[in-house]
Amino acid sequence: MTTQYHDQTLSEAALGQLFNDARTYNDWLDKPVSDAQLHAIWDLLKMAPTSANMQPARIVWVKSDEQKAKLAECAMEGNQDKIKAAPVTAVIGYDIDFHEELPWLFPHTDAKSWFEGDEEGRKEGAFRNSSLQGAYLMLAARAIGLDCGAMSGFDADKVNEAFFGDTPRHRVNFICSVGYGDPESVFERSPRPDFEKFNSIV
């Protein structure tokens, strides 16, 4: 049977929620995000592909006022109020030693041996694949009706010390606030390029 891809396209409403109408929020409505919603985000993002199912992302969900203030101290001035106002900010990190988990995550073969003795290769793979997982986190959050505000304006060393101090083989990649965005806080949408600008089909 030939697959009819157009029959599997999401509705315009769903595409809007995930992509076309979704925005980066800079302020948040005073509406909480539950632990159950955070679990729901994880249960979606963990299903997305990573190389050899390595699953290198290590996420700290910063929710208490005390921990939000600690994270804000690690961020540039323009991001501090965003972090404090958000109901939750995810610190998306990665485990340099992700390969230790591969015997059960990828049991089809001895994938752990592919990465032993190559720390620089593991760092590259962990960073790339945790970036993918962070993007899937944003899609998952949008899919369950939440909004996102990703940020990279922070001191990585300070974040690592504050949130991964007990696990020094974990390093921060980026952070992303999650909640119900205040529509008044979004900027006018910046230009998006047409296909021909940055793509080629060969």
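Under our numbering, the letters of the sequence shown match residues 1149 to 1350, in that order. Ideal placement from N, C-alpha and C gives every residue a C-beta, glycine not left out. Source: prediction; values computed, not measured.
For residue i, collect the residues of the same chain with a Cβ closer than 7 Å to its Cβ; drop the 5 residues on either side in sequence, then sort them by chain order.
i	result
G1301	A1223, M1224, G1226, N1227
F1275	Y1242, N1321
P1316	none
G1269	F1263
T1151	Here the model assigns T1151 a pLDDT of 49, short of 50, so the residue's position is not dependable and the matter cannot be decided.
Is residue i near residue j, with beta carbons less than 8 Å apart?
i	j	result
Y1328	D1305	no
K1232	K1218	no
G1293	S1325	no
I1189	L1285	yes
T1198	L1280	yes
Can you name, in chain order, every residue of its own chain whose Cβ lies under 6 Å from the Cβ of residue i, other than the five neighbours on each side?
i	result
I1207	A1238, I1240
V1307	C1222, V1320
D1229	none
L1163	none
K1271	I1244
A1220	Q1228, I1231, K1232
A1234	W1176, S1325, G1327
M1299	N1227, I1323
Whose C-alpha, out of the options, is nearest the C-alpha of residue i?
i	options	result
S1212	A1274, V1236, A1289	V1236
G1282	L1192, G1313, E1160, S1261	L1192
Q1185	A1196, W1209, W1262	W1209
R1337	A1170, F1254, I1323, E1214	A1170
D1175	E1332, T1157, W1262, R1340	E1332
P1339	S1278, N1168, P1255	N1168
F1335	D1155, Y1173, A1161	Y1173
S1278	Q1156, A1196, A1161, L1253	A1196
E1214	F1311, F1346, N1347	F1311
K1194	G1265, L1253, K1345	L1253
Against chain B, does residue i count as a neighbour if the rule is that its beta carbon must be under 8 Å from one of theirs?
i	result
I1292	Absent here is chain B; the protein component of the structure consists of one chain.
Under the assumption that residue i contacts residue j (Cβ atoms under 8 Å), give the Cβ distance between them as a whole number of angstroms.
i	j	result
D1330	L1177	5 Å
If I measure Cβ to Cβ from residue i and keep anything under 8 Å in the same chain, skipping five residues before and after, which residues do I get?
i	result
E1267	I1244
K1345	none
L1158	L1166
G1265	none
Residue i: beta carbon under 7 Å from a heavy atom of the ligand SAH?
i	result
E1332	The ligand SAH is not among the ligands present in this structure, which contains no ligands whatsoever.
Problem - Given 8 Å, three or more beta-carbon pairs between the region 1194–1202 and the region 1245–1256 - result: Judged by Cβ distances under 8 Å, the region 1194–1202 makes contact with the region 1245–1256, as three or more pairs qualify.
Handout entry: Any 3 or more C-beta pairs closer than 8 Å across the region 1273–1290 and the region 1175–1194
Key = yes
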